[in-house]
Structures are given as structure tokens and as C-alpha cells.
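Quick notes on the structure that follows.
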Amino acid sequence: MTKPATVAIVIGTPSGLRHLASSSERNAAWPAEAVLRGLGAAVSSATLWIQCADPEAAKRLTSYLQSVKAEVVAEAALGVGLG
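Quick note: the sequence shown uses the numbering used here, first residue 40, plus one each step.
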């Protein structure tokens, strides 16, 4: 039986919105990170919305994904990690 989604992440990208949903914090983080990394330098204009019943989990996800954004921006500035 599939567990219901309890975490929702929306990522605003230059080409539109990406909607991700998962039954756990960990399972939500991986695809969100993949979307952010796939944007390369364009990640700097990406926006994040995270909805979760657990406010602490939402804070952790927000912090983690903001860190991923910063890392991708830094890699793009150095010309690494883009492929």
C-alpha cells in the first residue's frame, strides 16, 4: 500500500513550476535536490515552497535545499559540477 504524501515541494524555475510530493522528508529531498542541480546556474532564480505537517521538517528541508542552491551557484561560478 502506498503511503499518502505528507510533504509537498514546489520549485519555481525559469521554465515553470515543478511539483514534488512524498510520504517522507528524506524521499522529498532527493528529487528536489535533483531538480535544483539540473538547473545549473539558473538555480539562482529558483524559488522554493515547502508544505509539511511537521514545521521542524519543513525548516530542515528549507535549510537543506537552500544549501543545495548555494552550492550549485558556487559550482556554476567556478565552472564545475555542471555535467
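Where is the CB? At the ideal position from N, CA and C, for every residue including glycine.
Do residue j and residue i come within 8 Å of each other at the CB atom, strictly closer than that value?
i: residue 74; j: residue 60; result: no
i: residue 115; j: residue 79; result: yes
i: residue 71; j: residue 117; result: no
Give the DSSP-derived three-state secondary structure of residue i in the structure shown.
i: residue 47; result: strand
i: residue 102; result: helix
i: residue 78; result: coil
Exposed or buried, which one is residue i when buried takes at least 16 other CB atoms within 10 Å?
i: residue 107; result: buried
i: residue 111; result: buried
i: residue 100; result: buried
Going by the DSSP bridge assignment, what does residue i pair with across the sheet?
i: residue 61; result: 46
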